[in-house]
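**Student:** This is the structure I want to talk about, given as structure tokens.
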Amino acid sequence: MNWGKLLGYGVLAVVVLLVLQVVLSLVLSLFGLLWAVVTTAGTLLVVVGLFYGMYRLLSWASTGGDDASAESVEDFGSATTSPEPETRVETLKDRYASGNLSEAELERRLEQELDTPTTDDLGRDVHRERE
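Residues in the sequence shown are numbered consecutively from 878, following our numbering.
Printed below as a string of structure tokens:
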């Protein structure tokens, strides 16, 4: 038996096992790091989703659980601000199409919008009076 050859193969086997152990440790470490990043991102998404859900639930509860108060706030805002007439008419049409306004309510509000002069109309009237 050749002890030198046997010793050489033994050393080679130990070196191969050490290299495999180092490579396997690096690969498993990378998988562990990737797993940590994925689970952290997932946890953050769940926490953000919970906070958003609580926010929506609290805002829904503060309005009394219906959209009627949201409509009254919307009506109040349209009385204090004056966007372009086409925009207000389009908003009314959209609300009618989505079922938030009845046909009679739509007609009443459209008449009100068409009878209300806009700031552009008032400015033209003032300009005509000066000439």
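Ideal Cβ positions, reconstructed from N, Cα and C, are used throughout, including at glycine.
These numbers come from a predicted model, not from an experiment.
In its own chain, which residues sit with a C-beta less than 8 angstroms from the C-beta of L978, not counting the 5 before and 5 after it?
**Tutor:** L969, R972 and R986
**Student:** Look at the alpha carbon of W912 and the alpha carbon of V904, and state the distance between them as a whole number of angstroms.
**Tutor:** 12 angstroms
**Student:** Quick one: Cα of Y932 to Cα of E990, how far?
**Tutor:** 35 angstroms
**Student:** Starting from T993, trace the alpha helix (DSSP H) in both directions and tell me its first and last residue.
**Tutor:** Where T993 is concerned, there is no enclosing alpha helix (DSSP H), given that its DSSP letter is neither H nor E.
**Student:** Hey, how far is the Cα of L935 from the Cα of G941?
**Tutor:** Their backbone Cα atoms lie some 10 angstroms apart in a straight line.
**Student:** Is S939 helix, strand or coil when you go by DSSP?
**Tutor:** helix
**Student:** Report the three-state DSSP secondary structure of S906 (helix, strand or coil).
**Tutor:** helix
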